[in-house]
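Trainee:
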Amino acid sequence: MGILEYFRLAIRALKSNKMRTALTMLGISIGVAVTILVVAIGEGATKSVADQVNGMGTNLLTVHQGPREMRLTAAARTAPTQSQNTLTLDDADMVMKLYPDTIAAVAPQVRGSIQIRLFGANATSSVLGTTPSYLAVNNQSVRKGRFFTSMENESNLKVCVLGSTAAENLTGNANADLTGQNISVNRDDYLVVGMLTTKGTGQGGQDPDDVVIIPVSTAMQRVLGVTGISDFSISCVSPELMTLAQQEVTSLLRQRHHLQPPFPQNDDFRVANQTDLLARSESVTKTMTTLLTAVAVISLIVGGIGIMNVMLMSVKERTREIGIRKAIGARSRDILMQFLTEASIISILGGLQGVLLGVVGALLLASFGGWNAIVSPTALVIALVVSASVGIFFGIHPAQKAASMHPIDALRYE
Amino acid sequence: MDAKEGLLLRLRDILKIYIMGGQEVRALDGVDLDVNVGEFVSIMGPSGSGKSTMMNMIGCLDVPTSGSYQIDGAEVSDLDDDELASIRNRKIGFVFQGFNLIARTSALENVELPLLYGRQKDRRAAATAALVRVGLGDRLDHTSSELSGGQQQRVAIARAIVSKPRLILADEPTGNISTLQSEEIMQIFQELNDDGVTIVMVTHELDIAKHGKRCVDMRDGKIVDDQPVADRLLAKEMIEELKKPRPTSKQVVAVGA
Chain A
0 MGILEYFRLA
10 IRALKSNKMR
20 TALTMLGISI
30 GVAVTILVVA
40 IGEGATKSVA
50 DQVNGMGTNL
60 LTVHQGPREM
70 RLTAAARTAP
80 TQSQNTLTLD
90 DADMVMKLYP
100 DTIAAVAPQV
110 RGSIQIRLFG
120 ANATSSVLGT
130 TPSYLAVNNQ
140 SVRKGRFFTS
150 MENESNLKVC
160 VLGSTAAENL
170 TGNANADLTG
180 QNISVNRDDY
190 LVVGMLTTKG
200 TGQGGQDPDD
210 VVIIPVSTAM
220 QRVLGVTGIS
230 DFSISCVSPE
240 LMTLAQQEVT
250 SLLRQRHHLQ
260 PPFPQNDDFR
270 VANQTDLLAR
280 SESVTKTMTT
290 LLTAVAVISL
300 IVGGIGIMNV
310 MLMSVKERTR
320 EIGIRKAIGA
330 RSRDILMQFL
340 TEASIISILG
350 GLQGVLLGVV
360 GALLLASFGG
370 WNAIVSPTAL
380 VIALVVSASV
390 GIFFGIHPAQ
400 KAASMHPIDA
410 LRYE
Chain B
0 MDAKEGLLLR
10 LRDILKIYIM
20 GGQEVRALDG
30 VDLDVNVGEF
40 VSIMGPSGSG
50 KSTMMNMIGC
60 LDVPTSGSYQ
70 IDGAEVSDLD
80 DDELASIRNR
90 KIGFVFQGFN
100 LIARTSALEN
110 VELPLLYGRQ
120 KDRRAAATAA
130 LVRVGLGDRL
140 DHTSSELSGG
150 QQQRVAIARA
160 IVSKPRLILA
170 DEPTGNISTL
180 QSEEIMQIFQ
190 ELNDDGVTIV
200 MVTHELDIAK
210 HGKRCVDMRD
220 GKIVDDQPVA
230 DRLLAKEMIE
240 ELKKPRPTSK
250 QVVAVGA
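For the protein sequence lines, the chains are A and B, in the order given. Per numbering that gives the first Met the number 0, the very first residue in the first sequence carries number 0; after that it's consecutive. Per numbering that gives the first Met the number 0, the very first residue in the second sequence carries number 0; after that it's consecutive.
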């Protein structure tokens, strides 16, 4: 008997109990869909981290406030410098001035949350105070108009550059050109001088385009009322000089902040480079993916047990049929193949259905949830192969049970 | 009998012992039987006489505890499971009391099954021909639930003859059906027998047994009587009798017996 005949027999048997077949398939398809979704989200997350790190510009160092490692050691707790705003504008200026051979540009950044308005349209956005170096350091560009100048920066003028999401929140159109208009930032009028090019996805669900960029001292004094800055970005002269730059900046800041050893425990700042960032994000992503994959594998196993359960029931129900088939000349192998084919069809169809569910789910997550989900063909193939294997693995026991029945006992079974 | 065509079944000192509740039960206790090609043997006996065990043994569904059974010259105890399956498929056609059709499956597909397991081609044509042969040419696509008992048994006969076996084994073939339908079944058997097919039939009804050419009587796992049927009944005549208007079918059978 050829595989085609086994296939036809199996299809007929499955059709004769559609509800049961569908429910058994569902078990597998959920497992497969979850697997595909998890892998898609994992790959998407990895890619958006990579994109973002690349998007920040090469040779980039970022200096944040706070210790490099958050440890509740005695030293860290008693450290007197553990307050907010330990980084100052002067820190950033000094870094730029002292190491012209290694550091090409420095962009101080101060961040906060603000209310913006335009003709009655009202939105919450984030404000970023920085200097004109920001564009070069962060690999950003202006789509319309211009960035504010050093002059405007030093004069604390009320000018701003708008990100596309901020513009969309005000006008309903991400491509709106608001240059030359005044928008209200915390009830103060700011002249829009330029529109930023859209950056796209960001890290940790933050939208990098939902931003209003204004001169750094304007932000500190007029908008946020702070004396320190949040962080600053450093663009090195070349990738080879990054390690040196990191050392220079670290020792300078320790000196300026009058920090005492041991280091790095007593540092009140941390210097991060892209590689660190990437590695950290990747390890988080990896942990998440491993965890979710475990969930997916478990659900596939549960689906497989469902198949085994249904097949065992089916074998028992069809004992008489097995007896008849054996009496008219079916070999044990024929019976084995018939039930194994049934189990495989359930799991393969379930797998296909799961692939469909998974892909649709990933697309929905991507378009409505704002997640970055990438469905790779490899994941699809693996999911299908795994689901087929699950069917065969869990189908073997019931099929063997059917095949090993004695024809007379089977025929007498009521 | 057509001894010249040779011996089809040869049973020698067949012993079959079951253990039931720790007790040894001799279902067959030293049976000797020869069946030649072209015979129509009825095996009779009360329940527990071992006739069903005998049937299973002849049908290669079971193997004897001891003794020798040859079918068409092949010693059955030498064969493995696959070879037994192959003998059941090619040399034997089974007709059971409970019809034993596969549910939710059309008559045609039921009849095709032995050919499927025998890996034969042109299954549809052969199955159709077999169904036409038993008078069900217009019921090919009906499933068993859409057929009467007699019709189901005829599908079962079609399934038994489709692979053109030399032997038909029938276990109480008229057990669950009306008298007229029983006679129709017997008519098919007698026609098949006339065409040279050997038939071995187990029954507990004397009227049915008398359609055969030879009657074997069993008691307690032994053959107690084995002789030709003297006043053989012909199903064709019986049906004509039954179709006459007045008397009820019970009376006719009584008269016929």
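All C-beta atoms, glycine included, are put in the ideal place defined by N, C-alpha and C. This one's a predicted model, so the numbers in the text were calculated from it and none came from an experiment.
Which value, in whole angstroms, describes the spacing of the CA atoms of residue 130 of chain B and residue 139 of chain B?
Mentor: Computed Cα separation, rounded: 7 Å.
Trainee: Which class does residue 120 of chain B belong to by DSSP, given the choice of helix, strand or coil?
Mentor: Three-state result, residue 120 of chain B: coil.
Trainee: Go ahead and pull the three-state DSSP assignment for residue 139 of chain A.
Mentor: In this structure, residue 139 of chain A counts as coil in the three-state DSSP scheme.
Trainee: Counting only beta-carbon atoms, is residue 71 of chain B nearer than 8 Å to chain A?
Mentor: Output row for residue 71 of chain B: interface = no.
Trainee: Between residue 71 of chain A and the rest of its own chain, which residues show a CB-CB distance below 8 Å, the 5 nearest in sequence each way excluded?
Mentor: Summary for residue 71 of chain A: the model assigns pLDDT 45, below 50, so the residue's position carries little reliability; its value from the coordinates is reported in the next sentence. Nothing meets the Cβ criterion.
Trainee: Please confirm whether residue 112 of chain B has its beta-carbon closer than 8 Å to some beta-carbon of chain A.
Mentor: Cβ-Cβ to chain A under 8 Å: yes for residue 112 of chain B.
Trainee: Would you please verify whether the beta carbon of residue 344 of chain A is less than 8 Å from any beta carbon of chain B?
Mentor: Judged by the 8 Å Cβ criterion, residue 344 of chain A is not in contact with chain B.
Trainee: Taking buried to mean at least 16 other C-beta atoms within 10 Å of its own C-beta, is residue 145 of chain B buried or exposed?
Mentor: The residue in question, residue 145 of chain B, is exposed, as its Cβ has fewer than 16 Cβ neighbours within 10 Å.
Trainee: Give a yes or no on whether the minimum CB-CB distance between residue 158 of chain B and chain A is below 8 Å.
Mentor: Residue 158 of chain B counts as touching chain A.
Trainee: Give me whichever residues DSSP pairs with residue 197 of chain B in a beta bridge.
Mentor: For residue 197 of chain B, which the question treats as bridged, DSSP gives the partners B:166.
Trainee: Hey, does residue 46 of chain B have any beta-carbon neighbour from chain A nearer than 8 Å?
Mentor: Not one chain A Cβ lies under 8 Å of residue 46 of chain B.
Trainee: Specify the secondary structure class of residue 259 of chain A as computed by DSSP and reduced to three states.
Mentor: In this structure, residue 259 of chain A counts as coil in the three-state DSSP scheme.
Trainee: Cα-Cα, which of B:98, B:63, B:89, B:90 is closest to residue 77 of chain B?
Mentor: The residue with the shortest Cα to Cα distance from residue 77 of chain B is B:63.
Trainee: Using beta carbons (cut-off 8 Å, strictly below), is residue 320 of chain A in contact with chain B?
Mentor: True, the Cβ-Cβ gap to chain B drops below 8 Å.
Trainee: Residue 30 of chain B and residue 53 of chain B: beta carbons closer than 8 Å?
Mentor: Contact flag set, yes.
Trainee: For residue 141 of chain B, list the residues DSSP reports as bridge partners.
Mentor: Its beta-bridge partners do not exist; DSSP assigns none.
Trainee: Listed from N- to C-terminal order along the chain, which residues in the segment 393-407 of chain A have their beta-carbon within a distance smaller than 9 Å of any beta-carbon of chain B?
Mentor: Under the 9 Å Cβ criterion, the segment 393-407 of chain A contributes 405, 406, 407.
Trainee: Just the chain A side, please: which residues come within less than 7 Å of residue 101 of chain B by C-beta, in chain order?
Mentor: Going along chain A in sequence order, the residues near residue 101 of chain B (Cβ under 7 Å) are 320, 323.
Trainee: Name the one or two DSSP bridge partners that residue 123 of chain A has.
Mentor: Note: residue 123 of chain A sits in a beta bridge opposite A:114.
Trainee: Could you check the C-alpha separation between residue 8 of chain B and residue 188 of chain B for me, to the nearest Å?
Mentor: Those two C-alpha atoms are separated by around 19 Å.
Trainee: Taking 8 Å as the threshold (beta carbon to beta carbon), is residue 330 of chain A in contact with chain B?
Mentor: Yes - at least one Cβ of chain B is within 8 Å of the one on residue 330 of chain A.
Trainee: Per DSSP, what are the beta-bridge partners of residue 22 of chain B in this structure?
Mentor: Answer is B:19.
Trainee: Quick check on residue 405 of chain A: buried or exposed, where buried means 16 or more other Cβ atoms within 10 Å of its Cβ?
Mentor: Burial call: exposed.
Trainee: Just the C-alpha distance for residue 192 of chain B and residue 3 of chain A, rounded to the nearest angstrom, thanks.
Mentor: C-alpha separation (whole angstroms): 36 Å.
Trainee: Residues in the same chain with beta-carbon distance under 6 Å from residue 331 of chain A, minus the five sequence neighbours each way, listed in chain order, please.
Mentor: For residue 331 of chain A, where only same-chain residues beyond five positions count, the Cβ hits under 6 Å are 402.
Trainee: If you follow the beta strand (DSSP E) that residue 63 of chain A is in, where does it begin and where does it stop?
Mentor: 59-64 is the span of the beta strand (DSSP E), which, as asked, contains residue 63 of chain A.
Trainee: Using the Cα positions of residue 256 of chain A and residue 105 of chain A, report the straight-line distance between them to the nearest angstrom.
Mentor: C-alpha separation (whole angstroms): 19 Å.
Trainee: If you reduce the DSSP assignment to three classes, tell me which class residue 186 of chain B lands in.
Mentor: Residue state, collapsed to three classes: helix.
Trainee: Could you confirm whether any beta carbon from chain A is found closer than 8 Å to the beta carbon of residue 17 of chain B?
Mentor: No, residue 17 of chain B does not count as interfacial toward chain A.
Trainee: Going by DSSP, name the residue or residues bridged to residue 43 of chain B.
Mentor: B:216.
Trainee: So that I know if they touch, is there some Cβ in chain A lying closer than 8 Å to that of residue 68 of chain B?
Mentor: No - not a single Cβ of chain A is within 8 Å of the one on residue 68 of chain B.
Trainee: What do you reckon, are the CB atoms on residue 346 of chain A and residue 293 of chain A nearer than 8 Å?
Mentor: Not a contact, by the Cβ cut-off of 8 Å.
Trainee: Assuming residue 233 of chain A contacts residue 126 of chain A (C-beta within less than 8 Å), just tell me the rounded distance between them.
Mentor: Wrong, their Cβ atoms sit about 22 Å apart, outside the cutoff.
Trainee: Whole angstroms are fine: how far does the CA of residue 18 of chain A sit from the CA of residue 310 of chain A?
Mentor: The alpha-carbon atoms of residue 310 of chain A and residue 18 of chain A are separated by roughly 14 Å.
Trainee: Using CA atoms only, rank isn't needed, just tell me which of B:148, B:156, B:124, B:196 is closest to residue 38 of chain B.
Mentor: For residue 38 of chain B, the nearest C-alpha among the options comes from B:196.
Trainee: Spatial neighbours of residue 114 of chain B within its chain, please: C-beta separation below 8 Å, excluding the five flanking residues on both sides.
Mentor: 122, 125, 126, 161, 162.
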